[in-house]
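Peer 1: Note that the working numbering numbers the sequence shown so that position 117 is 101, with each residue one more than the last.
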Amino acid sequence: MINISTKRMIIRNFSPDDWCELQEIFVDKEASEYSFSDYPFPTGEREVKEITNWFSQGNSFLAVYEKVKKKIIGYIAINSEKQSEYNLGYCLHSDYQDKGYATEACIAVVNYVFSNFNAEKFVTGTAVSNTPSCKLLTKLGFRKTGESVTSLRKDNEGKPIEFIGASYELTRDTWNGTTYAESGNT
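1. Taking 7 Å as the limit between beta carbons, can you name the residues of its chain near Glu153, skipping five residues before and five after?
2. Kindly indicate which residue of Val52, Asn140, Val93 has the alpha-carbon position closest to the one of Leu46.
3. Counting along the chain, where does the beta strand (DSSP E) carrying Pro116 start and finish?
4. Would you mind working out which of Arg(-8), Ile148, Phe98 sits nearest Ala113, comparing C-alpha positions?
5. If I follow the unbroken alpha helix (DSSP H) through Val89, where does it start and stop?
6. Out of Phe101, Gln81, Glu50, state which residue places its alpha-carbon closest to the alpha-carbon of Ser68.
7. Spell out a yes or no on whether the segment -9 to 11 and the segment 55 to 69 are touching, meaning 3 or more CB-CB pairs, one atom from each, closer than 8 Å.
8. Short check: CB of Val48 to CB of Ala103, under 7 Å?
9. Round the Cβ separation of Thr36 and Asp2 to the nearest angstrom and send it over; I've been treating them as touching at under 8 Å.
10. Quick check: the Cα distance between Thr134 and Ala150, rounded to an integer number of angstroms?
11. Measuring only from the beta carbon, is Gln41 closer than 6 Å to any heavy atom that is part of the ligand NAD?
12. To which residues of the same chain is Glu14 closer than 8 Å at the C-beta, ignoring the five residues directly before and after it?
13. Quick one: residues in its chain with C-beta nearer than 7 Å to the C-beta of Asp12, no 5 flanking neighbours on either side, listed in chain order?
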């Protein structure tokens, strides 16, 4: 079980009972300006309940719980497909974006994984057009390693929608998360 406390949040494992708040996050994500070309998120009750149950069965998906509002405001994904390399993903409800929550949560999770797992590197990706996400990754110390073009959705006529993605990585040697945390840049 993972339970990370920050100034404003608790980052913890999901419980199957979290499905309703996760559904709010998925619906919000689907309404965002960046969703038109990204992977589609399920929003139906049955699908979200199944996903929440799956999220609750391990440490790969963590709920981001806001202490004052007492609600889940997003999630962070950390999974490892290669030995000592972790993928980082994050999604916060739009009501909590541009307020430092993603920075605070990502710093805490990256610190936790580097300190408690055999992690040497994080990799991640985002849409090139998602400027806030690109800025967050740069602020965290991630280095852009490339771009790629693919299609994750189709338009109403069934034609592929182009998705231009940027790849990033962060190594243990270049991580300076404690500096961010100590200087209050969360």
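The C-beta atom is built at its ideal place from N, Cα and C for all residues, glycine as well. Remember, it's a predicted structure, so these values are computed and weren't measured experimentally.
Peer 2: Reading it off the structure:
1. Locating residue 153 in the sequence shown gives position 169, where the first residue counts as 1. Answer for Glu153: Lys105, Phe106, Val107, Phe126, Arg127, Thr129, listed in chain order.
2. Here residue 46 refers to the residue found at position 62 of the sequence shown. Nearest option by C-alpha distance: Val93.
3. Looking up residue 116 in the sequence shown gives position 132. Careful: Pro116 lies outside any beta strand (DSSP E), inside the alpha helix (DSSP H) at 115 to 124.
4. As a working note, residue 113 is residue 129 in the sequence shown. One point to set straight first is that residue 113 is Ser, not Ala, in the sequence displayed. Among Arg(-8), Ile148, Phe98, the Cα nearest to that of Ser113 belongs to Ile148.
5. For this step, residue 89 is matched to residue 105 along the sequence shown. Note on residue identity: the sequence assigns Ala, not Val, to residue 89. Segment 85 to 100, the alpha helix (DSSP H) holding Ala89.
6. As a working note, residue 68 is residue 84 in the sequence shown. If we check each option's Cα against that of Ser68, Phe101 comes out closest.
7. yes
8. Working through the sequence shown from its first residue, we reach residue 48 at position 64. Working through the sequence shown from its first residue, we reach residue 103 at position 119. No, the Cβ-Cβ distance between Val48 and Ala103 is not below 7 Å.
9. Counting from one through the sequence shown, the residue named residue 36 turns up at place 52. Counting from one through the sequence shown, the residue named residue 2 turns up at place 18. Contact flag correct, Cβ pair sits at about 6 Å.
10. As a position in the sequence shown, residue 134 is number 150, starting the count at 1. As a position in the sequence shown, residue 150 is number 166, starting the count at 1. Cα-Cα distance, rounded: 11 Å.
11. Although the ligand NAD was asked about, the structure shown includes no ligands whatsoever.
12. Residue numbering aside, residue 14 sits at position 30 when the sequence shown is read from its first letter. Result list for Glu14: Pro24, Phe25, Thr27, in chain order.
13. Start at 1 with the first residue of the sequence shown, and residue 12 comes out as number 28. Closer than 7 Å at the Cβ level, and outside the excluded window around Asp12, lie His77, Ser78.
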